[in-house]
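Structure record follows, encoded as structure tokens.
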Amino acid sequence: MNVALTRIDDNRAELAGSLLATTVVSVLPAGEKLIRAAKGQWTLNMAAVSEVSSAGVALLLEWLRCATAAGVDLHIENLPEHMKPIISISDLDSLFEPLLA
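Structure below.
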């Protein structure tokens, strides 16, 4: 399965599909564009994400860097349960906890 990023409105988007090394590159620029266009806050809903790898965590880190540079607060809704161990083993819990809506 591929991955899709859908704009809901200026401040919200939904990510769906598989976040793997072969798929995340395709949505990275679209996410950065949506973040830069957001008005102070951008919320990413991950309820429809089916599969994740460390590449999915890397994607979120890139979007966090972009949001920080753009002065946009990034929030994540419905972080997939199977992504949490990757975040923990990477010692990124303290970075992600404030983002979880």
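Each number in my numbering corresponds to the 1-based position in the sequence shown with 328 added. Glycine included, every Cβ here is placed at the ideal spot set by N, Cα and C.
| query | Which runs of the beta strand (DSSP E), 3 residues or longer, sit entirely within the region 354-425? | reply | Fully enclosed beta strand (DSSP E) runs of 3 or longer: 369-380 and 401-405.
| message | Taking the alpha carbon of Ala-344 as the reference point, which residue from Val-352, Gly-359 and Val-377 has its own alpha carbon closest? | response | Along the sequence shown, one-based indexing puts residue 344 at 16. Nearest in C-alpha terms to Ala-344, of all of Val-352, Gly-359 and Val-377, is Val-377.
| said: So, under 8 Å CB-CB, Val-385 and Ile-363 are touching, yes? Tell me the CB distance rounded to an integer number of Å. | reply: What you label residue 385 is simply residue 57 of the sequence shown in a count that begins at 1. What you label residue 363 is simply residue 35 of the sequence shown in a count that begins at 1. Rounded, the Cβ-Cβ distance is 17 Å, inconsistent with contact.
| field | According to DSSP, residues forming a beta bridge with Val-331 | value | In the sequence shown, residue 331 corresponds to position 3, counting from 1. As computed with DSSP, Val-331 is found in a beta bridge with Gly-345.
| field | Same chain, Cβ closer than 6 Å to Leu-348, five either side skipped, listed in chain order | value | Taking the sequence shown and counting its residues from 1, one reaches residue 348 at position 20. The answer, listed in chain order, is Ser-381 and Ala-383.
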